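Residue numbers (our numbering): 1 to 396.
Here a beta-carbon is modelled for each residue, glycine too, at the ideal position from N, C-alpha and C.
No experiment lies behind these values; they were computed from the predicted model shown.
What follows is a short report on a single structure.
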Amino acid sequence: EVLIDAGAIVTPSVCEGLLESRAVGLLELFEHKGLLPRTLKFFAALDEADAVREALAENGNDLLTVNEAFVTACRFAHETVATLLLERAIALDPELGRKVDGSLGRAAFVNDLIEDTPKDPRRAIALGPWKTFVVGQVERALHERELSTFVAVLQREPWLLAEEYLDFQQKLIVDAALNDREAFIVALLDLGPALLRTQPPPSQAIEIAFTYAHTHLLPLLTRIWPLPNDLPHAAGLGDLTRVKQWFDASGAPALGDVESHYPSSPYMPKFRVEEYAHQFGPISVQRVLDSALAFAVINRHFDVADFLLAHGADINTKWNSHEPASILHHLVFEDNYESMQYLIDRGIDLTITDYRWNSTAYGWALYGKHDKKMADWLEDAERRRSLAADAKNAAR
Numbered sequence: 001e002v003l004i005d006a007g008a009i010v011t012p013s014v015c016e017g018l019l020e021s022r023a024v025g026l027l028e029l030f031e032h033k034g035l036l037p038r039t040l041k042f043f044a045a046l047d048e049a050d051a052v053r054e055a056l057a058e059n060g061n062d063l064l065t066v067n068e069a070f071v072t073a074c075r076f077a078h079e080t081v082a083t084l085l086l087e088r089a090i091a092l093d094p095e096l097g098r099k100v101d102g103s104l105g106r107a108a109f110v111n112d113l114i115e116d117t118p119k120d121p122r123r124a125i126a127l128g129p130w131k132t133f134v135v136g137q138v139e140r141a142l143h144e145r146e147l148s149t150f151v152a153v154l155q156r157e158p159w160l161l162a163e164e165y166l167d168f169q170q171k172l173i174v175d176a177a178l179n180d181r182e183a184f185i186v187a188l189l190d191l192g193p194a195l196l197r198t199q200p201p202p203s204q205a206i207e208i209a210f211t212y213a214h215t216h217l218l219p220l221l222t223r224i225w226p227l228p229n230d231l232p233h234a235a236g237l238g239d240l241t242r243v244k245q246w247f248d249a250s251g252a253p254a255l256g257d258v259e260s261h262y263p264s265s266p267y268m269p270k271f272r273v274e275e276y277a278h279q280f281g282p283i284s285v286q287r288v289l290d291s292a293l294a295f296a297v298i299n300r301h302f303d304v305a306d307f308l309l310a311h312g313a314d315i316n317t318k319w320n321s322h323e324p325a326s327i328l329h330h331l332v333f334e335d336n337y338e339s340m341q342y343l344i345d346r347g348i349d350l351t352i353t354d355y356r357w358n359s360t361a362y363g364w365a366l367y368g369k370h371d372k373k374m375a376d377w378l379e380d381a382e383r384r385r386s387l388a389a390d391a392k393n394a395a396r
């Protein structure tokens, strides 16, 4: 408000950002300052039913515009306005009405899209109300472990398996890999999605399998994406023989083109590679070694981890699955006591703090995960290690 009052320029993209982020307080501020466009979707976001009716009466014949406003109303949980917009969308697209009336009914349809708010408004607008609803059904079935519903919806709506929806299919597999839903990946592949028949889009699926110790999913994932031939993935598989081949006779890393190794794999989505570079810096031999160490420790291949530590990997690396922290921070949310104990036994610095919250792994356990048992375990591990070090020094 201070900036606006001082004359700051508000560009259209700022107003659009308020809708995407559902920033209700800022939206009200901008409306009070007279800075919002007087368009249908902004009336919908502000829950101005009379203004919505007037806009529809004046120029409500463009289905894409109406759908955009409908998605906006649902995302802001404005049921009355969403219902108005759905009625207009059905008037413009009678087939939508037949589908909605033949499933939940209009009131329940609106409530479903409000409760299961589309997380990606751009995708929802492009898909339209019915397809957004169907996509939500499939995604919800996966997360709620409702395999029969998952299969039934995909069978009823075969367009989801077409080449046009490759990104959606790979997203389902990424979500299944993250949440260890093997049966859902099997079911999807059994339905013969286009993902099996054409060049698949780059995906995080294999990265996720290694990052969250779900490598048992690899036989399914490699039906679609090849397993990268690099040091980190060899380490994550526990293939010590293959790991050693990435070092020369003197024990120095011999990686060749460093950008052919994770986290700069050619099979990774471009945004993910750029995200890593932004957070952790350019790809380097050290980053490859540390990524390999992380994959080995997470997947409990401690012989490989020992080899990597002896050949340049840094146990105190800031590697983390999302932002700079430590391998120990990551393991807190995986309940992986065995791997945490390995790191503690090998001397990891327990005072390492993360990038965002300036918190130790203990802090993540206590305040992020609300797991006092784990926090106490980490605190006790630090105390026991300190006592052991004192005893060793005294013996000297």
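Item                                                                                                                                                    : Value
Taking the alpha carbon of Asp116 as the reference point, which residue from Gly97, Asp101 and Glu144 has its own alpha carbon closest?                 : Glu144
Report the rounded CA-to-CA distance for Ala388 versus Ala305, giving the unit in angstroms.                                                            : 23 Å
Residues in the same chain with beta-carbon distance under 8 Å from Leu309, minus the five sequence neighbours each way, listed in chain order, please. : Leu293, Ile315 and Arg346
So, is His322 buried or exposed, given that buried needs 16 or more other C-beta atoms within 10 angstroms?                                             : exposed
Nearest CA to the CA of Gly312: which residue from Arg98, Leu331, Asp290 and Leu178?                                                                    : Asp290
Within its chain, find whatever has a CB closer than 7 Å to the CB of Thr353; leave out the 5 residues flanking it on each side and keep chain order.   : Ser359 and Thr360
Tell me the DSSP secondary structure of Pro269 in three-state form.                                                                                     : coil
Between Glu259 and Phe30, what straight-line distance do the alpha-carbon atoms span, to the nearest angstrom?                                          : 45 Å
Kindly give me the distance between the Cβ atoms of His214 and Ala177, rounded to whole angstroms, as I take these residues to be in contact under 8 Å. : 6 Å
Specify, as a first and last residue, the run of the alpha helix (DSSP H) that Ala235 falls within.                                                     : Leu231 to Gly236
Give me the DSSP bridge partner(s) of Pro226.                                                                                                           : Answer by DSSP bridge pairing: none, since Pro226 is not bridged.
CA-CA distance, Asp50 and Ile125?                                                                                                                       : 23 Å
Using only the alpha-carbon positions, how far apart do Pro219 and Asp190 sit?                                                                          : 14 Å
So what's Pro219 in DSSP terms, helix, strand or just coil?                                                                                             : helix
If we count the other Cβ atoms within 10 Å of its Cβ and call it buried at 16 or more, is Phe42 buried or exposed?                                      : buried
Could you tell me whether the segment 265-272 touches the segment 327-334, where touching means 3 or more Cβ pairs closer than 8 Å?                     : no
How long is the line joining the alpha carbons of His370 and Leu378, rounded to whole angstroms?                                                        : 13 Å
Do Ala44 and Phe76 have their CB atoms nearer than 9 Å?                                                                                                 : yes
Measure the C-alpha to C-alpha separation of Pro193 and Glu146 and round it to an integer number of angstroms.                                          : 19 Å
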